[in-house]
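**Q** Dumping the structure here so I can ask a few things about it.
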Amino acid sequence: MKQRGRHRRQRRGQAVRGFLAGTALALTAAATMISASQATVSDSPGGLKPLAADAKGAGLRLQERLVPQDTLDRLSSSMGKPVGVRAVLDDTDRTLRGAADCTTTERSALPVEPTATRAYCFDTADTSGWQAGAVTTSGDADNDGHWGENRVILSGWSHDTEHGKGTGLARVAFVNADDPAHLTYTWALLVVPTDGGRDYRGLSSAVSGMVWYQGKLLVTTTAGLYVYDMRRVQRAGVDSGKVGKVRGGWAAYGYRYVLPAIGSYALGSGSPRPTAISLDRSTAPDSLVASERVPVDGDLRTRLWRYALSSDPARAGLPAVDSAGYAIADAAYETKVTGVAGVLSHGSTWYLDRAADTAGDHGTLWRQDAHKAKTTECGSDASHQCWSGRAGSLSYWAETGEVWSQSGRMLYALPLASIDKSAG
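The structure is reproduced here in structure tokens:
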């Protein structure tokens, strides 16, 4: 994307920080109504343990499998010229409610400490039967925090598969965040081309992590890691509950847009499946960091690792691969933190979003490096369960210094500096 002058970024950053200052007090007051009397979690997990070189090689490598170009071209030729992100944002038809208009129950999903400085909620009718899974932003996509002229948030959701009731479909909310006081959005269905681009099927898998880097959207699901091209958003002109080619055109479960996958990444046998991912711009080159989900009641340790992102313009937004098409982890660690639902790395520090042990409780956000681990204490009993109610992915917006996440129907942000300060 075209880079803008520093003075323009400063004006945008000042406008955002001004809004944050105006909303922080209201959200702090809302957070004080939330009980923080959960039981304390286990002792500190200590520092990260680096893994041996062989664990970073074959054990954590990803094999790239890109969809043939003629398949993508055949699909776009049949559906019509792809549209850009701006066209989707200009067509938003739903509005996120500000924190003051969210219910007490909805706000109870927010972190207790540190408190969110911005928070919004999706409508119940629009999310019933769907599970929130991942967040990424234009702060990931471009280092000036914008995609073109727009500030954008992407929020991933999956139809309820946990209880066997849903279709297993996955969708992404394209949120226009140009005006922090008025966020609007619309949905795009995640799909996979079939029959050489003559049709597509829904991505029938739960979304757990997303990274929008340059023009690509990387998505972790229960079926693996998929990649989408943000310049290949397609319109679905038939309003139908079906998915794919139908009489009269193309349908996307009633949504107006679809994102067809342009590839996927397969792990070797016995390799850990990445469930949480995020972008780290503090490395050179930028890197994709990942973590696995280890059960909280076992003896296994959680593995964390990273892949360098390609500096080749022809592969913009994709992991770097070797001559055989494999992405090789260039750093890997073990941690005693289990139940990790979100991961973030910045500098030498890792942030691990640990889900609550029981429904209705809050989770824990660990700040960990090679030497130690720290977290926030809150409530009269100094509980460590101070993070969001339903832990989710983490995304750092470097332009504003914010960390974005979502819990239940709540989409929220808070400064990374407040997390560091709160953890001590």
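Note that the sequence shown covers residues -29 to -1, 1 to 395 in mature numbering (1 follows the signal peptide of the UniProt record, and there is no 0). A virtual CB, placed ideally from N, CA and C, is assigned to each residue, including glycine. Note that the structure is a prediction, hence the values are computed from the model and not measured.
(1) So Val265 and Pro16 are in contact, right, with Cβ under 8 Å, and what is the actual spacing, rounded?
(2) Classify Pro266 as helix, strand or coil using the three-state DSSP reduction.
(3) Counting C-beta neighbours from all protein chains within 10 Å, is the total for His153 16 or more, i.e. buried, or is it exposed?
(4) Check whether the region 315 to 323 touches the region 47 to 58, taking contact to mean three or more Cβ pairs, one atom from each stretch, closer than 8 Å.
(5) What residue range is occupied by the uninterrupted beta strand (DSSP E) comprising Ser249?
(6) Between Leu382, Leu259, Pro386, which lies nearest to Arg78 when the distance is taken from Cα to Cα?
(7) Identify whether residue 397 lies in helix, strand or coil by the three-state DSSP scheme.
(8) Could you tell me the alpha carbon to alpha carbon distance between Trp118 and Val267, rounded to whole angstroms?
(9) Count the CB pairs spanning the region 217 to 236 and the region 33 to 44 that are closer than 8 Å, and state whether there are at least three.
(10) For Arg206, count neighbouring C-beta atoms within 10 Å of its own C-beta (all shown protein chains included) and say buried if the count is 16 or more, exposed if not.
(11) For Glu120, does the count of other Cβ atoms within 10 angstroms reach 16, so buried, or fall short, so exposed?
(12) Grouping DSSP H, G and I as helix and E and B as strand, with all else coil, what is Val12?
(13) Can you name the start and end residues of the beta strand (DSSP E) that Thr192 belongs to?
(14) Are there 16 or more other CB atoms within 10 angstroms of the CB of Arg32, so buried, or fewer, so exposed?
(15) For Gly51, count the other beta carbons within 10 Å of its own beta carbon; 16 or more makes it buried, fewer makes it exposed. Which is it?
(16) Rounded to a whole number of angstroms, what is the C-alpha to C-alpha distance between Lys345 and Ser378?
(17) Apart from the five residues just before and just after His134, which ones in its own chain have a Cβ nearer than 6 Å to its Cβ?
(18) Given a cut-off of 8 Å, decide if Arg338 and Ala388 are closer than it, judged by their beta-carbon atoms.
(19) Give the C-beta separation of Gly127 and Gly104 to the nearest angstrom, bearing in mind that I take them to be a contact with Cβ-Cβ under 8 Å.
(20) For Ala112, count neighbouring Cβ atoms within 10 angstroms of its own Cβ and tell me buried if that reaches 16, exposed if not.
(21) Find out if the Cβ-Cβ distance for the pair Ala312, Gly350 is shorter than 8 Å.
(22) Taking one C-beta from the region 209 to 223 and one from the region 190 to 197 each time, how about it: are there three or more such pairs within less than 8 Å?
(23) Give every residue of the same chain whose Cβ lies closer than 8 Å to the Cβ of Ala369, excluding the five residues on either side of it in the sequence, and list them in chain order.
(24) Looking at the structure shown, is Gln356 part of a helix, part of a strand, or coil, going by DSSP?
(25) Just the Cα atoms here: how many angstroms apart are Ala287 and Thr108?
(26) Out of curiosity, what's the CA-to-CA distance linking Tyr156 and Ala144?
(27) Return the CA-CA distance between Ser281 and Ala353, expressed in angstroms with no decimal places.
(28) Let me confirm a value: Arg89 is counted as buried when at least 16 other C-beta atoms fall within 10 Å, else exposed. Which label applies?
(29) Apply the 10 Å Cβ neighbour rule to Gln185 and answer buried if 16 or more other Cβ atoms are within range, or exposed otherwise.
**A** Looking at the coordinates:
(1) As a position in the sequence shown, residue 265 is number 294, starting the count at 1. As a position in the sequence shown, residue 16 is number 45, starting the count at 1. Not really, about 12 Å apart at Cβ, beyond 8 Å.
(2) Taking the sequence shown and counting its residues from 1, one reaches residue 266 at position 295. Here Pro266 sits in coil by DSSP.
(3) Against the sequence shown, residue 153 aligns to sequence position 182. Burial call: exposed.
(4) no
(5) By 1-based counting over the sequence shown, the position of residue 249 is 278. Here the beta strand (DSSP E) through Ser249 covers 247 to 251.
(6) Within the sequence shown, numbered from 1, the residue matching residue 78 stands at position 107. Residue Leu382 is the option with its Cα nearest to Arg78.
(7) The shown model of the chain, from -29 to 395, leaves out residue 397, and the question about it has no answer.
(8) Residue 118 sits at position 147 when you count from the first residue of the sequence shown. Residue 267 sits at position 296 when you count from the first residue of the sequence shown. Rounded to the nearest angstrom, the two C-alpha atoms are 38 Å apart.
(9) yes
(10) Here residue 206 corresponds to residue number 235 of the sequence shown, with the count starting at 1. Arg206 should be labelled buried.
(11) Position 149 of the sequence shown, counting from 1, holds the residue named residue 120. Its Cβ having fewer than 16 others within 10 Å, Glu120 is exposed.
(12) Numbered from 1 along the sequence shown, position 41 holds the residue referred to as residue 12. Because Val12 sits at a pLDDT of 41, beneath the cut-off of 50, its placement in the model cannot be relied upon, and the point is left open.
(13) Counting from 1 along the sequence shown, the entry for residue 192 is found at position 221. 187 to 192 is the extent of the beta strand (DSSP E) around Thr192.
(14) Reading the sequence shown from its first residue, position 61 is the one you call residue 32. Arg32 should be labelled buried.
(15) Here residue 51 refers to the residue found at position 80 when the sequence shown is read from its first residue. Exposed is the call here.
(16) Along the sequence shown, read from residue 1 onward, the residue named residue 345 stands at position 374. Along the sequence shown, read from residue 1 onward, the residue named residue 378 stands at position 407. Using only the alpha carbons, I get a separation of about 22 Å.
(17) Locating residue 134 in the sequence shown gives position 163, where the first residue counts as 1. Here the model assigns His134 a pLDDT of 48, short of 50, so the residue's position is not dependable, and the following value carries that caveat. Nothing meets the Cβ criterion.
(18) As a position in the sequence shown, residue 388 is number 417, starting the count at 1. As a position in the sequence shown, residue 338 is number 367, starting the count at 1. Not a contact, by the Cβ cut-off of 8 Å.
(19) Here residue 127 is taken as the residue at index 156 of the sequence shown, counted from 1. Here residue 104 is taken as the residue at index 133 of the sequence shown, counted from 1. 5 Å between Cβ atoms; contact.
(20) As a first step, residue 112 is located in the sequence shown; it is residue number 141 there, counting from the start. Ala112 should be labelled buried.
(21) Numbered from 1 along the sequence shown, position 341 holds the residue referred to as residue 312. Numbered from 1 along the sequence shown, position 379 holds the residue referred to as residue 350. No.
(22) no
(23) Within the sequence shown, residue 369 is the residue found at index 398, counting from 1. The answer, listed in chain order, is Gly110, Asn114, Gly116, Arg252.
(24) Counting from one through the sequence shown, the residue named residue 356 turns up at place 385. Looking at Gln356 - three-state DSSP - the assignment turns out to be coil, as it is neither helix nor strand.
(25) By one-based count along the sequence shown, residue 287 stands at place 316. By one-based count along the sequence shown, residue 108 stands at place 137. Distance between the alpha carbons of Ala287 and Thr108: 17 Å.
(26) Mapped onto the sequence shown, residue 156 falls at position 185. Mapped onto the sequence shown, residue 144 falls at position 173. About 6 Å.
(27) Mapped onto the sequence shown, residue 281 falls at position 310. Mapped onto the sequence shown, residue 353 falls at position 382. About 44 Å.
(28) Position 118 of the sequence shown, counting from 1, holds the residue named residue 89. That one is buried.
(29) For this step, residue 185 is matched to residue 214 along the sequence shown. By the neighbour-count rule (16 or more Cβ atoms within 10 Å), Gln185 is buried.
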